[in-house]
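**Student:** Quick note on numbering: the sequence shown equals residues 935 to 1051 in our numbering. This is the structure I want to talk about, given as structure tokens.
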Amino acid sequence: MAADVKSAGISDGFVAVVKADCPACQLVQPVLSDLATRLGLTVYTQDDPTFPEAADWVVDDRDLAVSWHLDVDAVPTLIRILDGVEVARTAGWDRERWEHLTELDGLGPDLPVFKPG
């Protein structure tokens, strides 16, 4: 199922869904911060509104409403939205897929190449 972006009230750009109680999400914290700075990423956190950090680009989704509308079944999930439509998505940490989706090179250079969500 494609994300129900309009019902979730999500703007164009990049969205990540994470939770603190997730080893892969813990691993990608520095990448999330990097993407927030470089791309304006919005992070929806499922279990801790201060994870990955207390910042204006982190949104509390403990009620899972956004996660449900976006049909997220694994975290971390990175989604690209263009013209109100989901155009790409990846779950877990896979450097090559994240770099392809974001069109950025050198993400998480100190991280393993892959970690499932």
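Every residue, glycine too, gets a C-beta built ideally from N, C-alpha and C. Predicted, not measured: the structure shown is a model, and the values here were computed from it.
#1: Let me know the secondary structure DSSP gives R1023 once reduced to three states.
#2: Could you check whether Y978 and V1019 sit closer than 9 angstroms to each other, using their CB atoms as the reference points?
#3: Going by other Cβ atoms of all chains shown within 10 Å of its Cβ, with 16 needed for buried, is M935 buried or exposed?
#4: Looking at the structure shown, is M935 part of a helix, part of a strand, or coil, going by DSSP?
#5: Taking the alpha helix (DSSP H) that R1029 belongs to, which residues open and close that run?
**Tutor:** On the basis of the coordinates in this document:
#1: R1023 falls in the strand class under three-state DSSP.
#2: Cβ atoms of V1019 and Y978: not closer than 9 angstroms.
#3: Summary for M935: the model assigns pLDDT 49, below 50, so the residue's position carries little reliability; its value from the coordinates is reported in the next sentence. Looking at its Cβ environment, which holds fewer than 16 other Cβ atoms inside 10 Å, M935 is exposed.
#4: Since pLDDT at M935 reaches only 49, below the 50 mark, its modelled position is unreliable, and the value read off the structure follows with that caveat. It is coil, neither helix nor strand.
#5: First-last of the alpha helix (DSSP H) with R1029: R1029 to T1036.
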